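**Q** Have a look at this one before I ask anything.
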Amino acid sequence: MSNPHDAFFKSLFSDPAELINLLRDLLHPEVVRQLDLNALQPLPTEVVRESLNLGLSDLRFSVPWRAGGHLALRLLLEHQSTVDPTMPLRALRYIMDVWSTTPRPDHKLPVALTLIIFHGPRPWSAARALSELYDAPPEALPFLTPHLPELCLHLIDLGERDEDAVPGQGAGKLGLMLMRNAHDENLWRTLDRRVELWQEGYIERGPSTMTTTLRYIYEVTDPELPPELKTKLTAIVHPKDKEALMTAAERLRQEGRLEGRQEGRQEGRLEGRQEGELGAKREFTLKVLSRRFGPLPEAVAQQVMSADLATLERLTDELFTAPSLDALMAGDV
4 MSNPHDAFFK SLFSDPAELI NLLRDLLHPE VVRQLDLNAL QPLPTEVVRE
54 SLNLGLSDLR FSVPWRAGGH LALRLLLEHQ STVDPTMPLR ALRYIMDVWS
104 TTPRPDHKLP VALTLIIFHG PRPWSAARAL SELYDAPPEA LPFLTPHLPE
154 LCLHLIDLGE RDEDAVPGQG AGKLGLMLMR NAHDENLWRT LDRRVELWQE
204 GYIERGPSTM TTTLRYIYEV TDPELPPELK TKLTAIVHPK DKEALMTAAE
254 RLRQEGRLEG RQEGRQEGRL EGRQEGELGA KREFTLKVLS RRFGPLPEAV
304 AQQVMSADLA TLERLTDELF TAPSLDALMA GDV
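Using this note's numbering, you'd call the opening residue of the sequence shown number 4 and step up by one each time.
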């Protein structure tokens, strides 16, 4: 996995029960009534991952309709921690892949749906519809769009929701809360505040799922489990699981300390690598700005080539919502 968010997300929602809870909250009630969610089946992702640019945490499923006589719905569950300006196009590619590879009696097309869970440090700022990506004179587009594909993303920006409005139940809901807050607070505070969800997850999913939750917190926040919270968690756990779970917590804490020491020894090598990655990011930003706005003034090119990572991320995040190059560079979006 490329980062702890990927591993955590996949571990949570590879469990059909957690995914079903999520879908009940995210899909329209009539769609939920028509789907046989209990017959949901996972599908392999390896075959299509490279061609569709799927992430390591992306999950595919088949869900039949209760009525029968219809092709099963195909679902792609995507996790995004960064804004992708081409997300509507990626969703369309997934649909086209489903349509081109699924047997179609009577020439009918199965419904293919992409659900995107986003938890970036800032709100989603890129296109949410395929029509926003069309590049043509604005005067002509209204007459063309009836004849062009349209697709509106089913995108859930966790940062736009209050904690209580985060979808799911138990371990899944707690996991999405932790991912939502990972950019802004020590996650032990989130767990302490919602310890009832940890208890619900432990009862329904068992100790292994909750150990995964602890691992995620150790990987993205301070590696010290507060003693008061440890007491609360210990009181929840069944005696037969207590020693194993707390031993796992201590092992994760020690791993966090070891990683910290290793990072210190590797800092010099990492700085060189990060500098190279920053240079590549600057070159990429120049390329996408040129595609969006045409040839760039020399002053703008110099500004991009001296920008830090946060500025480069802002430029790419706001690329398709900026009315002009000047507004984008000035941050007036």
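Even glycine gets a Cβ: it sits at the ideal position worked out from N, Cα and C. Bear in mind the structure is a predicted one, so any value in this text is a computation, not a measurement.
1. Less than 6 Å between C-beta atoms, sequence neighbours within five positions excluded: which residues of the same chain meet that for T215?
2. In three-state DSSP terms, what is T148?
3. If you follow the beta strand (DSSP E) that E40 is in, where does it begin and where does it stop?
4. Once DSSP output is grouped into helix, strand and coil, what is the label at V86?
5. Would L118 pass as a contact of L92 if the rule is Cβ separation under 8 Å?
6. Measuring alpha carbon to alpha carbon, tell me which of P242, F296 and G334 ends up nearest A313.
7. Determine, using beta carbons only, whether L3 and A94 come nearer to each other than 8 Å.
8. Are W419 and L236 touching if we call contact CB-CB under 8 Å?
9. What are the complete alpha helix (DSSP H) segments, minimum 4 residues, inside the segment 106-189?
10. Express the C-alpha separation of L147 and A10 in angstroms, rounding to a whole number.
11. Provide the residue span of the beta strand (DSSP E) that contains S211, from first to last.
12. Note down the Cα distance separating R52 from E81, rounded to an integer number of angstroms.
13. Give me the Cβ distance between S128 and E321, rounded to the nearest whole Å; I'm assuming they're in contact under 8 Å.
14. Assuming L299 is part of the beta strand (DSSP E), what are its boundary residues?
15. If you draw a straight line from the C-alpha of H73 to the C-alpha of N184, how long is it?
16. Assuming S65 is part of the beta strand (DSSP E), what are its boundary residues?
17. For L80, does the three-state DSSP call read helix, strand or coil?
18. Does the beta-carbon of D329 have 16 or more other beta-carbons within 10 angstroms, so that it is buried, or is it exposed?
19. Quick check on L312: does DSSP put it in helix, strand or coil?
20. Which residues bound the alpha helix (DSSP H) around S14?
21. So what's L92 in DSSP terms, helix, strand or just coil?
22. Going by the CB atoms, is the gap between L248 and I220 shorter than 8 Å?
23. Give the range of the alpha helix (DSSP H) segment to which R27 is assigned.
24. When you compare only the Cα positions, how much space is there between E227 and S103?
25. Could you give the residue range of the alpha helix (DSSP H) that holds T324?
26. Secondary structure at L200, three-state DSSP: helix, strand or coil?
27. For L46, name the three-state secondary structure that DSSP assigns.
28. Given this structure, state the Cα-to-Cα distance separating M90 from L79, to the nearest angstrom.
29. Got a sec? Which residues, its chain only, sit under 8 Å from F12 by beta carbon, not counting five neighbours each side?
30. Does the Cβ of R125 have 16 or more other Cβ atoms within 10 Å, making it buried, or fewer, making it exposed?
31. With H, G and I counted as helix, E and B as strand and the rest as coil, what does DSSP make of A75?
32. With DSSP collapsed to three states, give me the class of L228.
33. Look at the alpha carbon of R196 and the alpha carbon of T224, and state the distance between them as a whole number of angstroms.
**A** The short version:
1. S14
2. helix
3. The displayed chain sequence assigns Leu, not Glu, to residue 40. Segment: none, L40 is in no beta strand (DSSP E) and carries neither H nor E.
4. coil
5. no
6. G334
7. Here the chain comprises residues numbered 4 to 336, so residue 3 is not present and cannot be evaluated.
8. This structure cannot speak to residue 419, because the chain is shown only from 4 to 336.
9. 144-147 and 173-184
10. 42 Å
11. From DSSP, S211 is part of no beta strand (DSSP E) but of the alpha helix (DSSP H) over P210 to V223.
12. Residue confidence for R52 is low, a pLDDT of 46 falling below 50, so the modelled location carries little weight; the figure read from the coordinates is stated next. So the alpha carbons of these two residues sit roughly 12 Å apart.
13. 5 Å
14. L299 -> no beta strand (DSSP E), and no H or E assigned at all.
15. 40 Å
16. L62 to V66
17. strand
18. exposed
19. helix
20. P7 to F16
21. helix
22. no
23. P19 to L29
24. 50 Å
25. Here T324 belongs to no alpha helix (DSSP H), and DSSP marks it neither H nor E.
26. helix
27. strand
28. 13 Å
29. S60, H82, I120, G178 and M182
30. exposed
31. coil
32. coil
33. 16 Å
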